[in-house]
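Okay, structure first, notes after.
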Amino acid sequence: MNFCGYVASCLILSHNKKRENNIFFNRGYAMAKPEAFENHCWADVIPSEDMQTYSPYARETFIGKNPALLCIDLYNLVYKGGAELPHELDAEFPNSCGIYAHNAIEPTKRLFSATRAAGLPVYYVTAQFNPHRVNSTKRVHLKTTAEDCEIHDAFTPEPEDVVFRKERPSAFFGTPLIAHLNQRRIDSLIICGESTSGCVRASVLEAHMYGLHVSVVEECVFDRSEIIHKVSLFDMHHKYADVMKLEEVITHLENIPTQSAAEVA
Numbered sequence: 357m358n359f360c361g362y363v364a365s366c367l368i369l370s371h372n373k374k375r376e377n378n379i380f381f382n383r384g385y386a387m388a389k390p391e392a393f394e395n396h397c398w399a400d401v402i403p404s405e406d407m408q409t410y411s412p413y414a415r416e417t418f419i420g421k422n423p424a425l426l427c428i429d430l431y432n433l434v435y436k437g438g439a440e441l442p443h444e445l446d447a448e449f450p451n452s453c454g455i456y457a458h459n460a461i462e463p464t465k466r467l468f469s470a471t472r473a474a475g476l477p478v479y480y481v482t483a484q485f486n487p488h489r490v491n492s493t494k495r496v497h498l499k500t501t502a503e504d505c506e507i508h509d510a511f512t513p514e515p516e517d518v519v520f521r522k523e524r525p526s527a528f529f530g531t532p533l534i535a536h537l538n539q540r541r542i543d544s545l546i547i548c549g550e551s552t553s554g555c556v557r558a559s560v561l562e563a564h565m566y567g568l569h570v571s572v573v574e575e576c577v578f579d580r581s582e583i584i585h586k587v588s589l590f591d592m593h594h595k596y597a598d599v600m601k602l603e604e605v606i607t608h609l610e611n612i613p614t615q616s617a618a619e620v621a
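Counting in my numbering, the sequence shown runs without a single skipped number right up to 621 at its last residue.
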């Protein structure tokens, strides 16, 4: 073997050693294989040629070693008007996600239950109520109340949970969220909430820029538009996050060592 071949073999051995030490190899955290990468809700809206273009992104998906649950904008406003299509609620409840919000309630409650049973930290972000607050989007400012910005009763925070208030789409912008994650050595986030194309997407991108691994739970995020929801998940899945099915996330959480708040503090 010549010198170049020797160096190459050493690099390969080093790479394989790191691979063995990677959290989803030595801890069994791999969730889905590359061949299952596209088995998600967007299959009926993404053209086959785009699927082919994005095929190099296929990879194993996983949850990191020290995850936390991040719950984005699960506030009363988006549930107003009941389980109707959003366009049918526009006249009276223009901010409601209607049926899409209500369909996500039970899956999200299951995610909360599994997360708490595993002893993982839970963080909420919700809107800061202030009549003169900065708008989070370019949409015409709509009247809201303090009650609109409170967490929905289905997801009432526990005493040990942390709630942040924000005025911009990202959960990180203008909040101390990243400081809390760093202090508790959180390396990854499991994300639920809304809207998929807005505050969820903004938070996913910023988490990725902070070097956090992000897992978005497909059945636990929602939007006012189904097609925008699906396309947003497709884009995030290929670039910035692992979109995962609720059942595989729950199975994973049921099989990790239970952590206490003191252990992750």
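Heads up, the beta-carbon is just placed ideally off N, CA and C, and yes, glycines get one too.
Same chain, Cβ closer than 7 Å to residue i, neighbours up to 5 away in sequence not counted
{"i": "L561", "result": "Y596"}
{"i": "L476", "result": "P423, A424, L425 and Q615"}
{"i": "S469", "result": "none"}
{"i": "Q408", "result": "none"}
{"i": "L441", "result": "G454 and I455"}
{"i": "F449", "result": "K436 and G437"}
{"i": "V587", "result": "W398 and V401"}
{"i": "E394", "result": "M407"}
Cβ-Cβ distance between residue i and residue j below 7 Å
{"i": "D429", "j": "C555", "result": "yes"}
{"i": "A558", "j": "P525", "result": "yes"}
{"i": "V434", "j": "S411", "result": "no"}
{"i": "A535", "j": "I461", "result": "no"}
{"i": "I612", "j": "A474", "result": "yes"}
{"i": "I584", "j": "S553", "result": "yes"}
Own chain, CB closer than 8 Å to residue i, minus 5 neighbours either side, in chain order
{"i": "R466", "result": "L602 and I606"}
{"i": "E604", "result": "M387 and A388"}
{"i": "E503", "result": "N432"}
{"i": "N377", "result": "Residue confidence is low: N377 scores 44 on pLDDT, short of 50, so the model does not pin down where it sits. Its coordinate-derived value is still stated next. Taken in chain order, the list of residues that qualify is empty."}
{"i": "T500", "result": "L433, N451, A483 and F485"}
{"i": "P513", "result": "V478, Y480, I507 and V519"}
{"i": "E574", "result": "H396, C397, L589, V599, M600, K601 and L602"}
{"i": "R472", "result": "V478 and E514"}
Element boundaries [beta strand (DSSP E), containing residue i]
{"i": "R521", "result": "V518 to K522"}
{"i": "A483", "result": "V478 to A483"}
{"i": "A424", "result": "P423 to I428"}
{"i": "V599", "result": "D598 to M600"}
Which residues DSSP lists as bridging residue i, in chain order
{"i": "H396", "result": "H396 is not bridged to any residue."}
{"i": "H569", "result": "S544"}
{"i": "F578", "result": "E550"}
{"i": "Y431", "result": "I507"}
Cβ shell of residue i (< 6 Å), same chain only, five flanking positions each side left out
{"i": "H622", "result": "Given that the chain is displayed from residue 357 to residue 621, the structure contains no residue 622 and the question cannot be resolved."}
{"i": "F590", "result": "W398 and I402"}
{"i": "S571", "result": "I419, I546, D598 and M600"}
{"i": "H458", "result": "A439"}
{"i": "G384", "result": "With a pLDDT of 39 at G384, under the threshold of 50, the predicted position of this residue should be treated as unreliable, though the coordinate-derived value follows. Within the same chain, G384 has no close Cβ partners at all."}
{"i": "S551", "result": "D579"}
{"i": "E610", "result": "none"}
{"i": "T464", "result": "C548 and C576"}
{"i": "A563", "result": "L545 and V570"}
{"i": "A392", "result": "none"}
Host alpha helix (DSSP H) of residue i (start-end)
{"i": "D406", "result": "S404 to T409"}
{"i": "S456", "result": "In the sequence as displayed, the identity of residue 456 is Tyr instead of Ser. Per DSSP, Y456 belongs to the alpha helix (DSSP H) from G454 to N459."}
{"i": "E444", "result": "P442 to L445"}
{"i": "L537", "result": "L533 to Q539"}
Inter-residue CB distance, residue i and residue j (contact presumed, cutoff 8 Å)
{"i": "G311", "j": "V577", "result": "This structure does not reach residue 311, given that the chain is present from 357 up to 621, and the question cannot be answered."}
{"i": "Y456", "j": "D543", "result": "Not quite, the Cβ-Cβ distance comes to about 30 Å (not below 8 Å), so this is no contact."}
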